[in-house]
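**Student:** The following block contains the structure, expressed as C-alpha cells.
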Amino acid sequence: MQYNIMKLIQLDRQQWVSQWLRPLIVITMIMCLNLSLVSLVRAFNPAWSGNTLLAGMLLTTLEALYSRRILISQHHHQDLFYLARYHLVEWGMLIMALKLIQLLSYPTQLLRELQLVWQEPAEAINFEFSMMLTLGLLAWVITRQTLSNFDNLQDPNESGLAMEELSQNFFLGGALILLISGLTQLLLVWQLNYATIQAQIFNLKRPHVEGIILNVLVYFILGLVLLSQVNLTRLLIRWQRQEIEVAPQLISQWIKYSFAFLSVLALFAFMLPTNYTLGFLASAGRVIAFILAIINFILELLLFLITLPILWLLHQLLGTALNADTPMPTPPPSPIDSTAMQTPSFWLELLQSVGFWLVMLIIIFYLVKTYLNDHPELMQLLKSIRLFNLLQNIISRLRQLLRQVWGYGASWRPKKLNLSPLFQAHDVSTHKRNWLGHGDSPRDQILHYYRDLLQQLEHFSYRRRQDHTPYEYEPQLRQAMPEVETEVHALTAAFVQARYSQADFTPDQAASAKQQWQRIRSSAEHEEVTTNEEKNE
Amino acid sequence: MNPFFAFILALFVIAAIFQIDFFFTIFYLFASIYIVSRLWAQRIFQNLHLSRTLTPRAFLGDEITVTVTLSNHGLLPIPWLSINETLPLALSSPPFYRQVISMGGQSTLTLQYQLQARERGYYKIGPLHLETGDLLGLKRQLTSQFAADTLIVYPQIVPIVQLGLPTHSPNPVLSTTVPLFHDPSRLIGLRQYQPGDTPRHIHWAATAATGTLWVKQFQPAISRENAIFLNLDREDYAERGYPEPAIELAITTAASLANHTLTVENLPLGLVTVGFDPLSEQQQTFNLTPHSGRGHLMQILEVLARVQRLEHGHHFTETIRQIALHLSWGTTIIIITSHASNTLLETALLLQRSGFAVTLIGVNPIERRNTTQSTHAAAALGITMLEVRREHDLERLG
C-alpha cells in the first residue's frame, strides 16, 4: 500500500456532520433523558401520558438549535444587549407555545381551560406547566451548551476543554438516565409506592430486573458515537492547523474501526453474566469446597489404589487366616455432592455466579491497578502503609505461586522439539515469561532486570537501537536521566558482567541490581510524565 | 480523576444498587471500552516496526528519495498515527515531513518523500516523532520516536583543467641526487655493516651466506606527496566581510584540488583542517595523512562535507607547524585561507626553507585589494600564492 498524493482534508466536507448529524444525536439523547423522566412520573401516575411534556421538550430543544443557528448567521452573538433582547423574546414565545401545547393536549377541556386562564392568569401556571417550563429551560440550556462546545471544537485552543466538557455532560447525563431508569424499573416491577422506594433500593436481596431499557441503550450508543466523532473532529482540526497531510481514507477507516470496536465490545458485554444467584462469599465458598472435594477424592483414590494390592495380597496369602467377612476397600465416593445436583440448574447458577464475580474482580483489579499506576504519588503514599504492603506482597506471592503452578503444569505437557530458544536468546519478550522468578540465580536476575528495563524504556521513548551495545546505549540513557546516571552505569556494567563473564554473583549483587532497576524505572516514569505535561501545556 | 474512570465507578455503584441486569451490561461495555482502549493504545508502538531507507551519501544537486516503511505486526489496526519527520532546512522546505495515516492489522505502509541536496553538509534525517491514540480520546496521546539517520552531501567539485602546483607529476616518489630520504622500496645494493646502521636494514640472507653483516642500500628519493591545510576560522574570513560564502568557496577549492590530485594526477594527498564537527559536536582537528586512491578521496570529501567553520579563533599557523613535522620531506603543502597574514607568511617561509614546497591559495569572493597585497607579499618571499574569488577561477588554477 502506498500513498502517492495526500490531499489536505477539507473540513467543509463535514458540514453535514455539524449541520445535521450532531444536532440529531443531541436531540435524540436529550429526548431519551426526557423519556426516562416521563417514565418515572408515569410509574407514580399511570394516568398521565407525558406526551405533552415530551412535545414541549422537543420544541425547546429544536428552538435552542434553531435560535443558535440564526444568531450565528446574523453575526450578532457578540452583542450582549441584542442577545438579551433576543433570548427574552425567544422565551416569551416559547412560554406561549408550551402553554398552547399543554392546552391542545386536552382538547375536550380546551374551552374551560381558556376561560380559566382568561379569568385567573395565575391559574395558567399549574404543576405540569411549571415542570414543562423547568425541564424545557434545562433542555434549552443543555442544548445551547452542547452546541457551544461543538463550536469550540473548531478553536484549537479550546478544543481540549470542549471535548472534556462534552464527555462530562455525556457521563453526567448517563448517570442521571441510569438513576431515573433504575428508580422507574423498581417502581414498575414491584409496584411500589413512594414510601417504600427507599427501603427497596437498599434491599439488595431483591430479585434482579431483566430486559433491555431501550432509551438508555439508545442514549449510550449515540453518546459513544458522538464521542468518537468529536474526537475525530478535534484531531482533524488540530492536524489542519499544523498543516499535516491526512490520508484520504482515514475518515472512512475511523468510522469502520469505531463501528467494529463498539460492536465487538457491545457483543462481549451482552455475553457476560449480569446476575448471580450466589453471593461473592457463597460462590467462593462453593468453588473452594469443590476444589477441596476433588483433592480429597484424589487422596482417597490414591489410598485406595495403594491399599488395594496389599490387601488383595494379604487376602491371597492369609486367605484362610483372614476372616471371610474382612471387607475389601471400597472406591472413594464421587467428589460431587449428589444432593447439590438434585436441581438441574445448580451448575448453571454456580457457573453464572462464579463467572459474574470473576469478571467483576478482574475489572475492579484492573481499574484499581491502572488508577494507581496513573497516580504514582498515591502509590507512594499507600506504600507507606504496612497493610497495603502486606496486601501487595500477598498478591505478588499469589501470582508467583500461580506462575509456578502453571510452569509445573506446563512441564508435564508432552515435550515437542522446540528450536526457537536457540534463535531467541536475545529476545527480550521471551524472558518475560519467567520474569523475576525468585528461584532464578543472581546472574539470571541481573539479566532479567536489565532486559526488563530495556523493554520498559521502549514505552518511555528511550528505545535502544538494535545495533547498540549496552555501553553504546548507556550514554544515551545517562543523558536522558542524569539523576540516575550512577545507577544506569552500575546496572549496565552488572549486565555486561553477568552476560559475558564467568564470574559468580551473590544475591546482594542481584538485590543491588534490583534497586538500580527500580530507581531508573521510576525516574523514567517521572521524566515521561513531566514531558507529557510540558507537551500538554 | 479521569471522568471516564469516575463514570465507570458510578456505573458499578448504580448497577450494584439497582441490580438491573442491563445496567451491568452497560457497566461491562464501558469497563471493556476503557480497558481495551488502553491496552490497544499501549500495544500500538509495541507492534509497530519502522525502517527508513535512504542513500547515505549524495553529491550536490542530487535528489534523494527517503522511504519510510511502517509495519504493524499486531492484529489490531492503528486508528490514527501521526508521523512527523524533522528534516534539515538545507535539504527540505518546509523542514519536516508530516503525515497522518491509519493502518490495518498485520499491514505494511510505505511513505516516500524527496530531499534536495542543496548544500554540502552532514545532516541528520529525523528523528521521526510518532503520535497515536485511541478512538474515543480516553487515553492521553502516546508518543514515541524513531532514531535519526545521517546523510552526507559532498561539497561541490569544480573540474580543474590546469593546475600550476609543483606536484604536477604522475609519479608520487621521484629519485633524486639530493639525498632527501631513502625509499625502502628501491633497493640498489648491499654494503658492509657500519656502526650506527639501523638493524632494520640488515640483509639477513647475505649476512648468513657470508658470515659478516651486510646492510641494504636504498635509492635516495624525493617525496611528491601533497597536503592541503584548510583554514576554517570564521574570524579570519570575517575580516573581509561575509565569511560564509568565502568559507564555502574555500571548501569547494579544497574538494576540487583533492579530486584533481587524487583522480587526475594520482598523487597522494592529505588534508588537515580544524573545524566544528557536527558528528562529535565539538571542535576537531582532522588530519588525514597523504594517501592515494578513490577511497581516500571519499574520506577527504566526507570530512569536507561535514566540517563546519570555527566560531572562535585558533592558531592556524601553529597547527600547520605541528602537523608539518610529521609530513614527508619535500611534501607540497597547499594552504587554503582567506589572506596571507604576516604570521602565515612567516610560517610558509619556514616550511619552504625546511624543504617543503609551499603554495598559498587566498580565497576571497568579495574583497580583492587585500588578497592582491597578500599575493605580492608572498611573491616577494618566493612563495607561490594563487587567488580564488569565484568557482570559475578553480578551472585554471595557477
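Note that the protein sequences, when read in sequence, are chains P and H. Residues in the first sequence are numbered from 1 upward in steps of one, following my numbering. Residues in the second sequence are numbered from 538 upward in steps of one, following my numbering. Just so you know, even glycine gets a beta-carbon here, dropped at the ideal spot from N, CA and C. The model shown is predicted, which means the values in this text are computed figures rather than measured ones.
(1) What are the uninterrupted segments assigned as beta strand (DSSP E) that are 3 or more residues long and contained completely in the stretch 814–850 of chain H, given in chain order?
(2) 8 Å is my cut-off, CB to CB: does I581 of chain H come that close to chain P?
(3) I'd like to know whether the C-beta of S630 of chain H is nearer than 8 Å to at least one C-beta of chain P.
(4) Distance cutoff 8 Å, beta carbons only. Does R575 of chain H sit that close to anything in chain P?
(5) Residues of chain P with a CB under 7 Å from the CB of P616 of chain H: which are they?
(6) Chain H partners of M163 of chain P, CB-CB under 8 Å?
(7) Could you please give me the residues that DSSP links to I870 of chain H through a beta bridge?
(8) With distances taken between CB atoms, is the gap from L35 of chain P to N215 of chain P smaller than 8 Å?
(9) Measure from the C-beta of Y650 of chain H to each C-beta in chain P and report whether the shortest distance is under 8 Å.
(10) Given a threshold of 16 other Cβ atoms within 10 Å of its Cβ, counted over all protein chains shown, does D79 of chain P qualify as buried or as exposed?
(11) Of all the alpha helix (DSSP H) runs that stay within the bounds of the stretch 242–277 of chain P, which reach a length of 4 or more residues?
(12) Only counting the same chain, and skipping five residues up and downstream in sequence, which positions put a Cβ closer than 6 Å to that of L188 of chain P?
(13) In angstroms with no decimal places, state the Cα-to-Cα distance between I180 of chain P and V218 of chain P.
(14) Can you list, in chain order, the residues of its chain with a C-beta nearer than 6 Å to that of G439 of chain P? Leave out the 5 residues immediately preceding and following it.
(15) Is the Cβ of L111 of chain P closer than 8 Å to any Cβ of chain H?
(16) State the Cα-Cα distance for the pair S793 of chain H and Q821 of chain H, rounded to the nearest angstrom.
(17) Among P:L103, P:Q242, P:L226, which residue has its Cα nearest to the Cα of G674 of chain H?
(18) Please report the distance separating the alpha-carbon of I310 of chain P from that of F297 of chain P.
(19) Name the chain P residues whose beta carbon is nearer than 7 Å to that of A775 of chain H?
(20) State the Cα-Cα distance for the pair L401 of chain P and G409 of chain P, rounded to the nearest angstrom.
(21) Consider the Cβ of L538 of chain P: report whether some Cβ of chain H lies at a distance smaller than 8 Å.
(22) What residues from chain P crowd round S619 of chain H, counting only those whose CB sits closer than 8 Å?
(23) What is the C-beta distance between V900 of chain H and S878 of chain H, in whole angstroms, given that I count them as a contact (C-beta under 8 Å)?
(24) Could you list the residues in the stretch 386–413 of chain P with a C-beta less than 7 Å from some C-beta on chain H, going in chain order?
(25) Identify the contact partners of G182 of chain P in chain H, using a Cβ-Cβ distance below 8 Å as the criterion.
(26) Would you list, in sequence order, the uninterrupted alpha helix (DSSP H) runs of no fewer than 4 residues that lie entirely inside the stretch 551–608 of chain H?
(27) Ignore the nearest five residues each way along the sequence and tell me which others in R521 of chain P's own chain have a CB closer than 7 Å to its CB.
(28) Do R589 of chain H and V573 of chain H have their beta-carbon atoms positioned less than 8 Å apart in this structure?
(29) Any idea what DSSP makes of Y106 of chain P, helix, strand or coil?
(30) Beta carbon of I601 of chain H, beta carbon of L665 of chain H: below 8 Å?
(31) Tell me which residues of the stretch 281–297 of chain P have at least one Cβ-Cβ distance to chain H shorter than 9 Å, keeping chain order.
(32) Residues in its own chain within less than 8 Å of F555 of chain H by CB, not counting five upstream and five downstream?
(33) How would you label D671 of chain H, buried or exposed, when you count the other beta carbons within 10 angstroms and need 16 or more for buried?
(34) Taking R594 of chain H as the reference, which of H:Y660, H:A917, H:G641 has the closest Cα?
(35) Counting only C-beta atoms, is R465 of chain P closer than 8 Å to chain H at any point?
(36) Less than 8 Å between the CB atoms is what I'm expecting for P614 of chain H and R657 of chain H, so what's the real figure, rounded?
**Tutor:** Taking the coordinates as given:
(1) 819–828
(2) no
(3) Judged by the 8 Å Cβ criterion, S630 of chain H is not in contact with chain P.
(4) yes
(5) W254, Y257
(6) G674
(7) Paired residues: H:A764, H:V895.
(8) yes
(9) Contact with chain P is absent for Y650 of chain H, since none of that chain's Cβ atoms lies less than 8 Å from the residue's Cβ.
(10) exposed
(11) 250–271
(12) A43
(13) 15 Å
(14) For G439 of chain P, the predicted model reports a pLDDT of 49, less than 50, meaning its position is unreliable and no value from the coordinates is stated.
(15) It does not; no Cβ of chain H falls within 8 Å.
(16) One Cα belongs to S793 of chain H, the other to Q821 of chain H, and the distance between them is close to 22 Å.
(17) Ranking P:L103, P:Q242, P:L226 by Cα distance to G674 of chain H puts P:L226 first.
(18) Each residue's alpha carbon lies about 20 Å from the other.
(19) Correct list: empty, because the minimum Cβ distance to chain P is about 33 Å.
(20) 12 Å
(21) With chain P covering 1 to 537 only, the question about residue 538 of chain P has no answer from this structure.
(22) W239, I244
(23) Contact doesn't hold; Cβ gap of about 14 Å is too wide.
(24) none
(25) I551, I554, F555, I557, F560
(26) Annotation note: the stretch 551–608 of chain H contains the following uninterrupted alpha helix (DSSP H) runs of length 4 or greater, listed N- to C-terminal: 558–584.
(27) L453, Q456
(28) no
(29) coil
(30) In this structure, L665 of chain H does not lie closer than 8 Å to I601 of chain H by Cβ.
(31) Within the stretch 281–297 of chain P, no residue has a Cβ that lies closer than 9 Å to any Cβ of chain H.
(32) Around F555 of chain H: no qualifying Cβ.
(33) buried
(34) H:Y660
(35) yes
(36) About 43 Å; that fails the 8 Å criterion.
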